[in-house]
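S.K.:
Residue numbers (the numbering used here), protein chains in the order written: chain S, 1 to 364; chain L, 1 to 355; chain B, 1 to 306.
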């Protein structure tokens with residue numbers, strides 16, 4: 001009889017902090033090889049198209065940044081929420097709200113052009129995300145309503161509202177009555193960083209800036225200290241004179257603003273117009289990214305890139321090997337499991353003990 | 001260990017050799033909005049792809065990307081197909097339009113075919129299907145078969161393609177019963193079987209005795225079968241889901257078009273065009289007429305024959321709009337642009353079109 | 001069958017999968033574990049139920065297989081979060097991702113096949129009673145299971161010693177452990193129960209609601225079930241009420257559309273979600289009541305110190 005036993009380390013292991021990503025990668029490679037062999041594919045070339053092929057071409061690296069930008073932006077905001085024990089599951093809705101609010105200028109006033117259009121759009125996008133995130137924050141503070149539920153329900157409402165808007169009042173009058181708005185004018189497009197080689201836009205730069213700023217706030221300011229103290233124990237926080245209600249608002253506003261910024265950056269930088277659906281679930285995937293990055297904004301940058309790579313790799317594998325999109329999704333789930341499991345090595349020691357020695361120990 | 005290394009080397013050389021073998025084939029790529037397993041829209045495009053492979057055999061090689069969202073991802077997916085050496089790419093949803101045009105500018109030697117849009121370019125064609133022709137036949141059948149004089153219509157989203165279908169259906173029905181009515185429920189989804197089932201139940205509970213749908217799952221057909229009323233299928237032949245229920249179904253038959261366009265690329269005659277094809281060209285096929293008396297079947301077949309020959313065009317005046325204003329004068333036929341951008345109901349539809 | 005009866009039946013069919021999945025999750029959360037993988041377990045149940053029913057021709061066997069599949073799939077979550085102490089939120093989300101992918105792959109060959117329908121009850125005489133006969137005596141077996149399950153869970157949690165222990169584990173795992181309660185084992189059992197319920201809910205979808213298999217056929221119902229648990233402030237009977245309220249608003253909006261009232265369908269479709277928020281706010285205004293029912297250890301990792 002064998003059994004796994006977990007023992008908490010007295011302090012977290014620096015060794016495993018560094019090693020855990022590699023352990024996860026190693027396990028993922030083995031599991032992936034097994035999975036692809038079962039599917040009758042060559043495991044080596046499958047893993048190659050997953051992890052290497054998307055990085056061998058410049059345009060594809062651009063695409064990686066395009067895909068990672070919203071994930072990082074949203075996840076950085078969510079880390080503030082999750083660290084302070086505010087379970088904002090509705091970043092997808094705040095992303096959409098940001099996309100809508102930021103699109104007011106280019107859609108409703110297309111003739112309004114100039115260098116100042118883009119900054120206003122980005123600010124409006126942040127404001128839209130913030131405003132939408134205020135609803136669950138207000139309900140939580142004022143009525144003690146569970147934020148997981150309200151923020152999640154508001155996602156569906158935002159999706160339907162966007163759908164109505166783009167099919168109705170904001171529909172392109174010259175577009176054969178199809179559900180999309182007018183194309184944004186050039187001054188409303190978030191430009192590419194290196195336009196000659198690909199379409200990665202400044203949204204990625206914004207994501208990096210946001211991650212660094214939030215990292216600084218969390219690790220170097222009183223505000224960050226407050227977040228962590230209240231997050232760990234609301235009682236200890238109250239003794240220190242921190243207000244949980246104020247912090248809830250703060251956390252939701254930060255994450256709403258960043259999700260909204262991600263929304264308008266995606267609409268303006270990557271799509272160029274508002275459509276009935278603007279996100280393939282970035283708001284939900286970002287939750288995973290936030291935890292993969294261990295709720296540390298710098299770790300989130302890496303996690304966002306890894307997750308984006310798994311999307312691109314899945315697509316590459318579909319083309320070069322005919323591995324179905326379904327197995328790509330399964331593989332993605334496996335990666336996540338291994339990363340999560342390896343991370344527990346940082347805080348816990350795992351021992352495999354046999355029943356026999358266990359009883360012997362207790363007897364002694 | 002030695003064995004393992006050998007296996008790895010062999011495997012690696014395979015990976016390198018793989019693409020080279022297919023160099024002289026015409027590579028054709030497809031972008032799908034859903035999974036081929038939706039038994040609806042994407043399923044039918046995938047059937048078309050399979051027909052194409054079967055017909056042209058060794059001369060072509062096809063790949064597809066499924067579940068590609070219509071936002072920023074579409075552009076990358078299309079570009080990836082182009083970079084993978086595909087010389088003909090079909091993008092099979094309206095929302096891929098701008099992404100298709102953008103990628104086409106970067107790859108002038110690749111031919112693009114976009115379904116149901118309106119933007120063309122030197123190397124971008126547009127193809128669309130006159131599904132509404134089938135709806136007209138269904139309307140005629142419905143009015144003959146219904147006892148209550150009311151049919152239920154489950155719509156996905158109020159886009160022109162769906163509105164065309166509703167209007168064509170009621171126009172067909174009115175040729176038999178001028179007072180025929182339809183009730184419409186919008187599911188706000190192309191694909192949510194449980195919700196489509198609920199919508200069908202709600203319609204039946206409100207007294208309709210014919211169900212027709214412009215959503216992709218077979219759920220409504222199953223509900224109709226359970227409640228023992230008649231129904232029409234959508235996108236594919238759904239007879240298995242209602243052997244005593246389905247009267248006919250509009251089958252999206254993309255195969256002939258895909259074969260024709262692939263052949264054109266192979267012999268170098270491919271030219272950009274914008275086509276809107278229907279029964280005549282074989283894009284719209286009606287599943288066998290079943291579960292109806294012979295006289296109704298005969299009438300349905302005659303109607304189909306007239307549409308196929310071009311003698312009958314569903315949108316021919318006199319037609320009034322829902323608000324009573326005149327749309328088409330007697331004998332006047334709607335032009336394709338009006339049909340493609342249709343966003344109003346004709347008289348007789350018992351619903352307010354969401355705007 | 002009268003229209004009133006017909007609508008009631010439709011609502012019951014729509015509410016049943018939500019009710020079953022939410023009851024399972026309720027027990028899981030009462031034990032202090034937050035499993036966000038309900039959608040994934042549910043869709044695994046749906047595909048397994050369909051597949052087994054297809055092969056054996058028996059909807060009942062399909063149902064049992066779905067329960068087993070949901071339970072087995074939840075063990076994966078249990079092993080990670082309880083044994084390896086991974087983050088519960090992230091693990092649950094990953095479970096959903098995996099479930100949606102795996103079910104799509106398993107179900108590939110079942111697309112486009114009409115399924116085996118689980119027959120509704122028919123008792124001569126009783127089922128034919130006007131107005132209430134069909135509703136009380138003419139529904140599918142899973143409906144009756146869902147009602148029994150509600151009674152069972154309510155009884156178990158609040159009337160039995162084992163239920164008390166489970167709630168104690170959820171409220172304060174440290175002191176429960178100090179009293180010698182096997183915290184991890186109890187949580188494992190709760191997680192498996194939650195998985196079994198989600199599997200059963202999935203089977204209801206593919207064997208009763210719409211007897212067919214298509215990818216992603218749960219369409220977010222697992223998330224609604226999760227929301228219902230919070231909505232019900234962790235009380236079984238309120239879950240029943242919440243599930244039927246949600247079902248009624250969902251069906252009601254379709255009826256309103258068919259009547260042709262000129263309101264945008266998107267607004268109608270968002271009514272169930274808005275209604276949930278509003279009712280939740282009304283309930284949670286009573287702070288004492290909600291706090292009393294919230295499992296204090298919910299989502300917090302537990303490591304037995306020895």
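By construction, the Cβ of each residue, glycine as well, lies at the ideal position given by its N, Cα and C atoms.
Quick one: which residues of the stretch 71 to 90 of chain B get their C-beta closer than 7 Å to a C-beta of chain S? List them in chain order.
M.R.: 80, 83, 84, 85, 86, 87, 89 and 90
S.K.: Out of curiosity, what's the CA-to-CA distance linking residue 152/S and residue 262/B?
M.R.: Between the C-alpha atoms of residue 152/S and residue 262/B there is a straight-line separation of about 28 Å.
S.K.: Look up residue 125/L in the DSSP assignment and give the residues it is bridged to.
M.R.: According to DSSP, residue 125/L bridges with 113/L.
S.K.: What is the rounded straight-line gap between the Cα of residue 144/S and the Cα of residue 135/S?
M.R.: 12 Å
S.K.: Is DSSP giving residue 286/L helix, strand or coil here?
M.R.: In this structure, residue 286/L counts as strand in the three-state DSSP scheme.
S.K.: Run through chain B and tell me which residues come within less than 7 Å of residue 193/L, C-beta to C-beta.
M.R.: 210, 212, 214 and 217
S.K.: At what residue ranges does the stretch 267 to 321 of chain L contain a whole run of the beta strand (DSSP E), taking only runs of 3 or more?
M.R.: 274 to 277 and 284 to 286
S.K.: Taking three-plus beta-carbon pairs below 8 Å as touching, is the stretch 113 to 131 of chain B in contact with the stretch 318 to 330 of chain S?
M.R.: no
S.K.: For a cutoff of 8 Å on Cβ pairs, would you count residue 37/L as touching chain B?
M.R.: yes
S.K.: Ordered along the chain, which non-local residues of its own chain (more than five positions away) have a Cβ less than 8 Å from that of residue 251/B?
M.R.: 7, 10, 11 and 14
S.K.: Could you compute how far the alpha carbon of residue 111/B sits from the alpha carbon of residue 73/B?
M.R.: 22 Å
S.K.: Using a C-beta to C-beta distance shorter than 9 Å, which residues of chain S count as neighbours of residue 276/B?
M.R.: 149, 150 and 153
S.K.: State the CB to CB distance for the pair residue 86/S and residue 239/S, rounded to an integer number of angstroms; the pair is presumed to be in contact (CB under 8 Å).
M.R.: Separation of the CB atoms of residue 86/S and residue 239/S is rounded to 20 Å, and the pair is thereby denied contact status at 8 Å.
S.K.: Spell out whether any CB of chain S is found under 8 Å from the CB atom of residue 232/B.
M.R.: no
S.K.: Unbroken alpha helix (DSSP H) runs of length 4 or more, entirely within the stretch 134 to 204 of chain B: which are they?
M.R.: 141 to 159, 161 to 171, 173 to 178 and 183 to 204
S.K.: Just to confirm, is the Cβ distance from residue 73/S to residue 118/S under 8 Å?
M.R.: no
S.K.: Determine the extent of the beta strand (DSSP E) in which residue 235/L is found, giving its start and end residues.
M.R.: 230 to 235
S.K.: For a cutoff of 8 Å on Cβ pairs, would you count residue 347/L as touching chain B?
M.R.: no
S.K.: Residue 4/S bridges to which residues according to DSSP?
M.R.: 352/S
S.K.: By Cβ distance, which residues of its chain are closer than 6 Å to residue 96/B, with the 5 residues on each side in sequence left out?
M.R.: 37, 39 and 40
S.K.: State the DSSP-derived secondary structure class of residue 294/S, mapped to helix, strand or coil.
M.R.: coil
S.K.: What is the rounded straight-line gap between the Cα of residue 162/B and the Cα of residue 169/B?
M.R.: 11 Å
S.K.: Could you name the residues that DSSP lists as bridge partners for residue 65/L?
M.R.: 31/L
S.K.: Would you check if the stretch 301 to 310 of chain L and the stretch 274 to 293 of chain L touch, i.e. whether three or more CB-CB distances between them fall below 8 Å?
M.R.: yes
S.K.: Could you say which of 211/L, 311/L, 199/L and 97/L lies nearest to residue 365/L if we only look at CA atoms?
M.R.: Any property of residue 365/L remains undetermined from this structure, which presents chain L solely from 1 to 355.
S.K.: Can you tell me the Cβ-Cβ gap for residue 116/L and residue 94/L, rounded? I've got them flagged as a contact below 8 Å.
M.R.: 5 Å
S.K.: Can you say whether residue 301/B is buried or exposed, counting buried as having 16 or more other CB atoms within 10 angstroms of its CB?
M.R.: buried
S.K.: By the three-class DSSP mapping on this structure, what secondary structure does residue 256/S have?
M.R.: helix
S.K.: With a 10 Å radius around its C-beta and 16 neighbouring C-beta atoms as the bar for buried, classify residue 71/B as buried or exposed.
M.R.: buried
S.K.: Out of 147/B, 3/B and 35/B, state which residue places its alpha-carbon closest to the alpha-carbon of residue 192/B.
M.R.: 35/B
S.K.: Quick check on residue 17/B: does DSSP put it in helix, strand or coil?
M.R.: Three-state result, residue 17/B: helix.
S.K.: Can you give me the C-alpha to C-alpha distance between residue 59/L and residue 26/L, rounded to a whole angstrom?
M.R.: 6 Å
S.K.: Identify the continuous alpha helix (DSSP H) that holds residue 75/S and give its terminal residues.
M.R.: 58 to 83
S.K.: Apart from the five residues on each side of it in sequence, which residues of its chain come closer than 7 Å, Cβ to Cβ, to residue 215/B?
M.R.: 104 and 107
S.K.: Helix, strand or coil: how does DSSP classify residue 214/L here?
M.R.: coil
S.K.: Label residue 21/L either buried or exposed according to how many other C-beta atoms from any shown protein chain fall within 10 Å of its C-beta, with 16 as the threshold for buried.
M.R.: Low local confidence applies: a pLDDT of 45 at residue 21/L is under 50, so the model's placement there is unreliable, with the coordinate-based value given in what follows. Classification for residue 21/L: exposed.
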